[in-house]
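Chemist: One structure coming up, written as structure tokens, with questions to follow.
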Amino acid sequence: MPADPAERRVTVTGPPRRSRRTSGYYRPRTEIDEQTTLGHTYVRSLMRSQLRVALVVFAVLALLVGPLPLVFAAAPEVRRLEWLVLGFCLYAPLILLARWYVRRAERNEEDFVRLVEDRWDR
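Letter by letter, the sequence shown follows residues 944 to 1065 in the numbering used here.
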């Protein structure tokens, strides 16, 4: 046993390995993992925004492609026009619509992650 009590002291200079949670500490990610009502609300808001984007894409697609059979039925003598419209004129808008959908869906997910992590972890 050391004679001097100062010899037994140890100075810790590193950062603490575990942080203690205070009673008012709040993490949305924990709410989602534990499937609480608030976590369910967060996930439901993400699903609503993704559904909204999908419905917009479906509506544009329906308005773009839906009337084509009526147009083709109105002019049955122009068979080559059908293939031209379906093969070439419709391809570019479909690609642009798909790109917009993917970008918007990714932006929704990024906003959700920012809401869940960055806002409360600071």
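Quick reminder that beta carbons are idealized off the backbone N, C-alpha and C, glycines included.
Taking Cβ positions, are residue 1000 and residue 1040 nearer each other than 7 Å?
Modeler: Their beta carbons are under 7 Å apart, which means residue 1000 touches residue 1040 by this criterion.
Chemist: Assuming contact is defined by CB atoms lying nearer than 7 Å, are residue 1008 and residue 1047 in contact in what I supplied?
Modeler: Not a contact, by the Cβ cut-off of 7 Å.
Chemist: Which residue comes first and which comes last in the alpha helix (DSSP H) that contains residue 1007?
Modeler: 980-1008
Chemist: Taking the alpha-carbon positions, what's the residue 1059 to residue 1037 distance?
Modeler: Taking the straight line joining both Cα atoms gives about 33 Å.
Chemist: In terms of residues, what are the limits of the alpha helix (DSSP H) holding residue 1039?
Modeler: 1034-1056 is the extent of the alpha helix (DSSP H) around residue 1039.
Chemist: Just how far apart, CA to CA, sit residue 992 and residue 1035?
Modeler: 26 Å
Chemist: Return the CA-CA distance between residue 1054 and residue 1043, expressed in angstroms with no decimal places.
Modeler: 16 Å
Chemist: What separation, rounded to the nearest whole angstrom, lies between the Cα atoms of residue 989 and residue 1051?
Modeler: In a straight line, the C-alpha of residue 989 is about 7 Å away from that of residue 1051.
Chemist: Does DSSP put residue 952 in a helix, in a strand, or in coil?
Modeler: coil
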